[in-house]
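Taken in order, these protein sequences are the chains called G and C. Once you know that position 10 of the first sequence is 10 in this note's numbering, the rest is easy, because the numbers rise by one and skip nothing. Once you know that position 242 of the second sequence is 242 in this note's numbering, the rest is easy, because the numbers rise by one and skip nothing.
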Amino acid sequence: MLTQRAKQVDRRPMTGLESIYLWNILKGMMITLSHLFKKKATIQYPEQKRTFSKVFRGLQVLNRDAEGRENCTACGLCAVACPAEAITMEAAERLSGEEHLYREEKYAVKYEINMLRCIFCGFCEDACPKDAIYLSQTFAPANYGRKGFIYKKEDLLIPHPIEQPEAYKKALGEKVVKADG
Amino acid sequence: MYLLALDWWLILEKCLLVAVVVALSFFIAMYTTYAERKVAAWLQDRRGPNRAGPFGIFQPLADGGKLFFKEEIIPLASSRFLFILGPSMAMLTALLTSAVIPWSTPMHLFGRNISMQIADINIGILYVFGVVSLGVYGILVGGWASNNKFSLLAAIRGASQMISYELAMGLALIAVLMMTGSLQMSVIVQNQVQHGWHIIYQPLGFVIFFVCALAECNRTPFDMAECENELNFGYHQEYSSMKLGFYLFAEYINMFISSAVMVTLFFGAYDIPFVNEASWGLNANWLAIIGFIVFLAKTFFFLFVFIWIRWTIPRFRYDQLMNLGWKKLIPLALANMIVTAVVMLLLKK
């Protein structure tokens, strides 16, 4: 009796009335009947969506700066921080004439996150020194094959802020854009 | 049109009625599956099927279509003939019972009085009991022919349960029969129209009858024949495709028919309480239609109660089931019968 919550089970033999069960069954049926008029708990998924909290950690997004250049420098800190080892990347040097595409001299040619491995802990976001990756409010949609869950750079990159401003805003969501990057 | 001294119009009329009743039973059974899923959902604070058509009303069609297109598997070790016979018998016996149910008052069409009852035989209730007892074979044959331990166990359980509960059911009914003095369904209904429904005189008899009807239909809390947690899936475990569909469907037809029998025996069939329909001065055909709607409304209420019970009560253990049947219901039914007899004797003197 440590917690005082233990309840003694009533093990007396059933009385005559109880042994034909009817009364107790009626009581039970009244309980279920009352549920007929209660509010339904269902969220009608494709039409209705559950609102997530502001700190919800969903799908990763690769960020761009205000001019639309990719922030990522392929430093690999996110991959190191990742406890599930879901992130793979390949780095490349920025050539002259690509300054409008990549913000710094080094960038990620290949950037993949395996969503089957990812545990959405958000360590990659914490590890990133360039504000290049953050977790959004959406979650990974269903897919027919395992391959579909390996998200490539194209899947992860946020829309271009100048060319597709509306899509960019939508993808950005509640994320606060830092001025210095 | 008398040929071979037969009234051929009568035969045509009865054939039509049979077709209508069978189609109606199928239709209602179909939508009982839908109602079952909906009511189950509502009782559990969910919404139930609502994607196929408005409010999901095409769900039963989708379910049926799915069953038709499923792969048909007949186990090699099964005895093939009996394996196919099982579900067919379950379906056949489920449909047969509807023959003696008085759906409504007679109609007057084309200069003929058309009875809304397929066969008003003078052993109506005995016929119902006979066919219901045959219903055991559907389960027993199917379970045995599957050549599977679980199926066989479930079939044996189902059979012994149905036989045990038939006794109490019959005893509960004897009190009703003593009051009407006839086994004929139409006489029983007329007696109720004149003297009030039997539920007023025989509430205990009705409760016993209802509990036994649950057991006869293999419905929760007595669904011993298909208890998933100990017998995997019961007697239809080896069945697939539309054969499984037949078993499941037969259960719903049984529910519908046994609700109809309960309405006929205890709730005045097509009678509307507290009013005298005949004094409305309506055409006989209109009265028949109103009576039929009233009959169906009462039946649907019992279907709802069946479903309501299923989603409220867990399954009984097998020994509890047998104890309840033999040690509680049969003595109660006997006492009910004797009390009825004594009261009737005293009142007559």
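Glycine included, every Cβ here is placed at the ideal spot set by N, Cα and C.
Neighbour list for residue i in chain C, Cβ cutoff strictly below 8 Å
| i | result |
| --- | --- |
| Ala41 of chain G | Asp45 and Arg46 |
| Lys38 of chain G | Asp45 |
| Thr32 of chain G | Leu43, Trp308, Trp311 and Thr312 |
| His100 of chain G | Within 8 Å Cβ-Cβ: nothing; His100 of chain G doesn't reach chain C, min ~48 Å. |
| His160 of chain G | Here the premise fails: no neighbours, minimum Cβ distance about 38 Å. |
Extent of the continuous alpha helix (DSSP H) to which residue i belongs
| i | result |
| --- | --- |
| Asn254 of chain C | Ser241 to Phe266 |
| Val187 of chain C | Met185 to His195 |
| His108 of chain C | Where His108 of chain C is concerned, there is no enclosing alpha helix (DSSP H), although the beta strand (DSSP E) it sits in stretches over Met107 to Leu109. |
| Ile114 of chain C | No alpha helix (DSSP H) holds Ile114 of chain C; the beta strand (DSSP E) holding it covers Arg112 to Ile114. |
| Ile200 of chain C | His198 to Tyr201 |
| Asp223 of chain C | That residue, Asp223 of chain C, is in no alpha helix (DSSP H); it is neither H nor E in DSSP. |
| Leu67 of chain C | Gln59 to Phe69 |
| Gln8 of chain G | That residue, Gln8 of chain G, is in no alpha helix (DSSP H); it is neither H nor E in DSSP. |
| Phe292 of chain C | Ala284 to Arg310 |
| Gly170 of chain C | Lys149 to Thr180 |
| Thr32 of chain G | Leu22 to His35 |
| Leu231 of chain C | Glu228 to Leu231 |
| Ala94 of chain C | Arg80 to Leu96 |
| Ile139 of chain C | Gly124 to Ala145 |
| Thr340 of chain C | Ile330 to Lys348 |
| Lys153 of chain G | Lys153 to Leu156 |
Proximal chain G residues relative to residue i, where beta-carbon distance stays under 9 Å
| i | result |
| --- | --- |
| Ile57 of chain C | What Ile57 of chain C touches in chain G: nothing, since even the nearest Cβ is about 17 Å away. |
For residue i, the first and last residue of its enclosing beta strand (DSSP E)
| i | result |
| --- | --- |
| Val275 of chain C | Looking at the DSSP string, Val275 of chain C is not in any beta strand (DSSP E), and its letter there is neither H nor E. |
| Ala108 of chain G | Lys106 to Asn114 |
| Ala91 of chain G | Ile87 to Glu93 |
| Cys61 of chain G | It should be noted that the sequence gives Val, not Cys, for residue 61 of chain G. Residues Gln60 to Leu62. |
| Tyr134 of chain G | Ile133 to Leu135 |
Within chain G, the residues that residue i reaches when beta carbons sit closer than 8 Å
| i | result |
| --- | --- |
| Val207 of chain C | Leu22 |
| Ile309 of chain C | Ile25 and Met29 |
Beta-carbon neighbours of residue i, restricted to chain C and to distances below 9 Å
| i | result |
| --- | --- |
| Ala135 of chain G | According to the sequence displayed, residue 135 of chain G carries Leu and not Ala. By Cβ distance, chain C contributes nothing, its closest Cβ being about 31 Å from Leu135 of chain G, past 9 Å. |
Contact belief for residue i with residue j at Cβ below 8 Å, rounded distance in angstroms
| i | j | result |
| --- | --- | --- |
| Arg37 of chain C | Pro54 of chain C | About 16 Å separates the two Cβ atoms, so there is no contact after all. |
| Phe304 of chain C | Ile199 of chain C | Contact doesn't hold; Cβ gap of about 17 Å is too wide. |
| Pro161 of chain G | Ala66 of chain G | 6 Å |
| Ala94 of chain C | Ile253 of chain C | 4 Å |
| Pro102 of chain C | Ser186 of chain C | 5 Å |
| Arg64 of chain G | Gly122 of chain G | Between Gly122 of chain G and Arg64 of chain G the Cβ distance is about 20 Å, and since that is not below 8 Å, they are no contact. |
| Met169 of chain C | Cys212 of chain C | 4 Å |
| Leu82 of chain C | Trp144 of chain C | 7 Å |
| Leu157 of chain G | Leu62 of chain G | 5 Å |
| Phe222 of chain C | Leu321 of chain C | 6 Å |
Per-residue contacts from residue i into chain C (C-beta, under 7 Å)
| i | result |
| --- | --- |
| Ile25 of chain G | Ile313 |
Contact check, residue i vs residue j, beta carbons under 7 Å
| i | j | result |
| --- | --- | --- |
| Tyr107 of chain G | Arg94 of chain G | yes |
| Ala40 of chain C | Arg47 of chain C | no |
| Glu77 of chain C | Ala154 of chain C | The sequence shown places Ala at residue 77 of chain C, not Glu. Not closer than 7 Å, so no. |
| Ala352 of chain C | Gly138 of chain C | This structure cannot speak to residue 352 of chain C, because chain C is shown only from 1 to 349. |
| Ile20 of chain G | Lys348 of chain C | no |
| Ile118 of chain C | Leu17 of chain C | yes |
| Phe302 of chain C | Met262 of chain C | yes |
| Ile208 of chain C | Ala333 of chain C | yes |
| Gly268 of chain C | Ser164 of chain C | no |
| Phe292 of chain C | Ser104 of chain C | yes |
| Leu386 of chain C | Ile330 of chain C | Beyond the ends of chain C as shown, which are 1 and 349, falls residue 386 of chain C; an answer cannot be given. |
| Glu238 of chain C | Ser146 of chain C | yes |
| Gly86 of chain C | Gly142 of chain C | yes |
| Asp45 of chain C | His35 of chain G | yes |
| Thr340 of chain C | Ala175 of chain C | yes |
| Ala250 of chain C | Thr299 of chain C | no |
| Arg219 of chain C | Phe306 of chain C | yes |
| Lys153 of chain G | Tyr102 of chain G | no |
Any C-beta of chain A under 7 Å from that of residue i
| i | result |
| --- | --- |
| Trp42 of chain C | No chain A appears in the structure shown, which is made up of the protein chains G and C. |
Contact set between residue i and chain G, taken where Cβ atoms lie within less than 7 Å
| i | result |
| --- | --- |
| Lys328 of chain C | Ser19 and Ile20 |
Is there contact between the stretch 120–131 of chain C and the stretch 148–164 of chain C, where contact requires at least three CB pairs shorter than 8 Å?
-> Judged by Cβ distances under 8 Å, the stretch 120–131 of chain C makes no contact with the stretch 148–164 of chain C, as fewer than three pairs qualify.
Is the stretch 122–141 of chain G touching the stretch 30–43 of chain G in the sense that three or more CB pairs, one from each, lie closer than 8 Å?
-> Because the criterion of three Cβ pairs below 8 Å is not met, the stretch 30–43 of chain G and the stretch 122–141 of chain G do not touch.
Inter-stretch contact at 8 Å, needing at least 3 Cβ pairs: the stretch 231–247 of chain C / the stretch 267–275 of chain C = The stretch 267–275 of chain C and the stretch 231–247 of chain C do not touch, with fewer than three beta-carbon pairs separated by less than 8 Å.
Okay, do the stretch 308–317 of chain C and the stretch 24–31 of chain G touch, 3+ Cβ pairs below 8 Å being the bar?
-> In short, these stretches touch, since the Cβ pair count reaches three.
Are the stretch 275–285 of chain C and the stretch 165–179 of chain C touching, with three or more C-beta to C-beta distances below 8 Å?
-> No, the stretch 275–285 of chain C does not touch the stretch 165–179 of chain C.
Counting Cβ pairs, one atom from each stretch, are 3 or more of them under 8 Å apart for the stretch 66–74 of chain C and the stretch 63–78 of chain G?
-> Note that the stretch 66–74 of chain C does not touch the stretch 63–78 of chain G; fewer than 3 beta-carbon pairs, one per stretch, sit closer than 8 Å.
Any contact of the stretch 73–88 of chain G with the stretch 119–133 of chain G, i.e. 3+ C-beta pairs under 8 Å?
-> Yes, the stretch 73–88 of chain G touches the stretch 119–133 of chain G.
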